[in-house]
Ligand SMILES: Nc1ncnc2c1ncn2[C@@H]1O[C@H](COP(=O)(O)OP(=O)(O)OP(=O)(O)O)[C@@H](O)[C@H]1O
Ligand SMILES: [Mg+2]
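In the working numbering, the protein residues as written are 9 to 372.
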């Protein structure tokens, strides 16, 4: 109302005439639909050509129709609800589905503007309607592309895991066996030439070097595909936690609902990789002095928590940055129909949570 009074006082009679002519042109030439509904008469009173054209009717055919006459019957209940909400607010916007004269459906965006009188009565409403077929098609294409990317990424993860398994086997079996053979050979040398102190010193040095190399090979193979994963998820996570504690001198405890969790291989590998990436993040970003991992599982649901008491971060801000760790974890969990949630704030530590429904294990 205040806006209208300001408009009225600003304009003299001539200016008002000019302004009305301009608005009339907008009404007639706009390429989006516009119509007016008054409370005195049922149905649409004034309608612009674009609105009639959009629905395949002439201007005359439009007059007297109500917006609900143009709404697809399967959308009537929802549209009716929106119209009621649209009456109590000054302006209201919703997406709807309309029917063309030839019967085809098309999506529209409806904007209602309620024009109230001085006593807050509602003499009329102006409704603008846009055909949003292109926007909806684009949205569907985007959703589809996203879904395909997700499938592709899940497939590539699968290939990567298979490749890791193969390399781990080769590193462990081929390289590991050869190193053990070398170690045995060196032990023989030690026995045979033990009397020569110079030679013995060299043999001992080589023996220690081979032993270290065997440890490195085991570590590389375990990181690629922990042998513990074949024994069960709990053992594999305990191995990760122990390795992390030793390497970074940060205590890392594992708590489980049961000593043995029998999970599908894909789920177990996903959980293992999430814990692995979470611990890498703790070591790189958190500055924590303590980490707790909890694995809870019943017949229907699996839940993982990785909690650190480090510096924390704001997930809303970080989401826009270009790290791939969190994104990769989320995608892996989503591919199993699960959910990943990050609870963190600067100075408050970080808790990484995943929930996976075991009765409905997603698409992978
Ligand atoms: N436990 C944590 N404590 C503090 N900050 C964290 C933690 N985990 C993640 N972050 C923050 O979230 C950001 C994104 O993590 P993300 O794992 O996606 O990427 P990154 O670790 O930076 O790189 P990469 O792609 O190698 O994983 C990090 O850069 C860090 O700022
Ligand atoms: Mg990371």
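A virtual CB, placed ideally from N, CA and C, is assigned to each residue, including glycine.
Query - Secondary structure of residue 140, DSSP reduced to three states - result: coil
Requested in this report: Decide if residue 149 is buried, meaning its Cβ has at least 16 other Cβ atoms within 10 Å, or exposed.
Outcome: So residue 149 ends up on the exposed side.
**Report entry** Any non-hydrogen atom of ligand 2 within 6 Å of residue 231 CB
**Finding:** Checking the Cβ of residue 231 against ligand 2 gives no.
Query raised in the report: What are the residues that DSSP puts in a beta bridge with residue 348?
Result: 362
Report task. Look at the Cβ atom of residue 359, then the Cβ atom of residue 303, and state whether they are nearer than 7 Å. Result -> no
Report task. Please name the residue in 65, 128, 286 whose C-alpha comes closest to that of residue 361. Result -> 286
Query raised in the report: Should residue 333 be listed as close to ligand 2, given that the test is whether its C-beta is under 6 Å from any heavy atom?
Result: yes
**Report entry** Residues bridged to residue 41 (per DSSP)
**Finding:** 137
**Report entry** Which of helix, strand or coil DSSP assigns to residue 123
**Finding:** strand
Requested in this report: Flag this pair as touching only if the stretch 215 to 225 and the stretch 248 to 267 have three or more C-beta atom pairs under 8 Å; answer yes or no.
Outcome: no
Query - Where residue 296 falls, given that 16 or more other Cβ within 10 Å makes a residue buried - result: With 16 or more Cβ atoms within 10 Å of its Cβ, residue 296 is classed as buried.
Query raised in the report: Are residue 241 and residue 310 touching if we call contact CB-CB under 7 Å?
Result: The criterion of a C-beta distance shorter than 7 Å is not satisfied by residue 241 and residue 310.
Query raised in the report: Measuring CB to CB, does residue 56 end up less than 7 Å from residue 35?
Result: yes
**Report entry** Nearest-angstrom Cα separation, counted from residue 42 out to residue 30
**Finding:** 15 Å
Requested in this report: Alpha carbon to alpha carbon, how far is residue 324 from residue 279? Give it in angstroms, no decimals.
Outcome: 23 Å
Query raised in the report: Can you name the start and end residues of the alpha helix (DSSP H) that residue 286 belongs to?
Result: 273 to 289
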